[in-house]
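Participant: Can you read through this structure? Questions will come right after.
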């Protein structure tokens with residue numbers, strides 16, 4: 026008689042979860058909520074940046090050409106708002122005789138030359154207040170030095186003489202290092218803080234961060250060429266670029282959640298498939314090892 030070999034029962038079939046089922050688990054719902062919060066914050070930052078990209082109340086065309094009193098445009102120590110750079114202002118005061126200083130690397134119609142600057146002690150202020158003034162331009166250093174001497178003599182003859190200056194208000198150009206081999210006191214950029222370091226009688230002195238480029242030369246100098254600033258565009262493209270970046274970051278926060286959840290689902294599916302394959306392999310090996318040859322009786 027022949028006996029049939031025993032067969033191992035197949036392992037129960039386990040169906041892997043769907044991606045939707047994985048995403049609906051508490052862990053991934055909590056992570057989704059966190060991602061939505063992050064994306065919301067980033068989207069708000071993008072909206073805030075976009076709101077600053079378009080100037081809804083730009084200055085009227087030609088407003089910089091209307092002469093305004095200096096103290097109505099900016100205060101000592103304050104930074105000058107961008108729309109007011111190049112604004113024509115007027116200010117009156119007295120010169121400090123010993124503080125006429127030459128600034129090099131100044132261009133008039135693409136011709137390099139020199140400015141003569143002075144400290145104007147503003148009249149009518151409660152505390153001592155000064156502003157740097159570019160009085161005029163010349164093509165040679167000798168002429169600039171001669172202008173300094175002439176202005177010093179003129180002011181020394183009448184130190185209390187009240188002068189009125191009208192010109193463009195321009196922001197500080199920042200500090201500079203003298204060229205190699207040049208006089209250490211050489212100034213190549215119009216920087217009121219650098220001039221302040223060489224001014225006299227500065228104790229308790231309030232100083233404007235900006236300077237005035239006089240529209241008419243003061244002393245034996247040429248007028249400074251200072252055209253009206255270009256009209257500003259109402260759209261700030263740099264802010265628009267930043268707003269787009271925030272939107273991309275917000276989208277990436279949600280994509281990152283999706284990618285992590287999908288990776289977890291794919292790993293879980295692969296693990297289940299590997300377990301089933303191993304179980305089938307073990308059953309097959311067990312059946313081969315315990316299978317008996319046919320016997321006759």
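Residue numbers (the numbering used here): 26 to 322. Backbone N, C-alpha and C fix where the C-beta goes; we use that ideal spot for every residue, glycine too.
1. Please report the distance separating the alpha-carbon of residue 137 from that of residue 168.
2. Cβ atoms of residue 148 and residue 231: under 8 Å apart, would you say?
3. To the nearest angstrom, report how far apart residue 2 and residue 263 are at their CA atoms.
4. Have a look at the DSSP bridge pairing and note the partners of residue 133.
5. Is it the case that the Cβ atoms of residue 192 and residue 239 are separated by a distance below 8 Å?
6. Could you tell me the boundaries of the alpha helix (DSSP H) in which residue 65 lies?
7. Could you pull out every residue in the same chain whose Cβ sits closer than 8 Å to the Cβ of residue 56, ignoring the five residues on either side in sequence?
8. On the three-state DSSP scale, how would you describe residue 116?
9. Label residue 322 either buried or exposed according to how many other C-beta atoms from any shown protein chain fall within 10 Å of its C-beta, with 16 as the threshold for buried.
10. If you follow the alpha helix (DSSP H) that residue 99 is part of, which residue opens it and which one closes it?
11. Classify residue 208 as helix, strand or coil using the three-state DSSP reduction.
12. Looking at the structure shown, is residue 276 part of a helix, part of a strand, or coil, going by DSSP?
13. Do three or more CB pairs link the stretch 111 to 125 to the stretch 90 to 98 at distances below 8 Å?
14. Distance check for residue 249 and residue 194, CA to CA, integer angstroms please.
15. Would you say residue 161 and residue 244 are within 8 Å of each other, going by their C-beta atoms?
16. Check this for me: beta carbons of residue 236 and residue 156, under 8 Å apart or not?
17. Residue 144 and residue 173: beta carbons closer than 8 Å?
18. Between 87, 129, 45 and 242, which has its C-alpha nearest residue 204's C-alpha?
19. Short of 7 Å in beta carbon distance, which residues of its chain neighbour residue 53, apart from the five on each side in sequence? Order them along the chain.
20. When the Cα atoms are used, what is the spatial distance from residue 334 to residue 89?
21. Do the CB positions of residue 25 and residue 265 come within less than 8 Å of each other?
22. Return helix, strand or coil for residue 240, following the three-state DSSP convention.
23. To the nearest angstrom, report how far apart residue 150 and residue 131 are at their CA atoms.
24. Below 6 Å CB to CB, which residues in the same chain sit around residue 67 once its five sequence neighbours on both sides are set aside?
25. Report, in whole angstroms, the separation of the C-beta atoms of residue 63 and residue 233, which I expect to be a contact under 8 Å.
26. Among the candidates 175, 142 and 209, whose CA atom is the shortest distance from the CA of residue 221?
Facilitator: Taking the geometry as given:
1. 13 Å
2. no
3. Since the displayed the chain opens at 26 and closes at 322, residue 2 lies outside it and no answer follows.
4. 136
5. yes
6. 51 to 76
7. 282, 285 and 286
8. strand
9. Residue placement at residue 322 cannot be trusted, given a pLDDT of 47 that sits under 50; what the coordinates show is reported in the next sentence. Residue 322 comes out exposed.
10. Counting along the chain, residue 99 falls outside any alpha helix (DSSP H), and DSSP gives it neither H nor E.
11. coil
12. helix
13. yes
14. 13 Å
15. yes
16. yes
17. no
18. 129
19. 47 and 286
20. Any property of residue 334 remains undetermined from this structure, which presents the chain solely from 26 to 322.
21. No answer is possible for residue 25: the residues shown for the chain start at 26 and end at 322.
22. coil
23. 31 Å
24. 271, 274 and 275
25. Not really, about 44 Å apart at Cβ, beyond 8 Å.
26. 142
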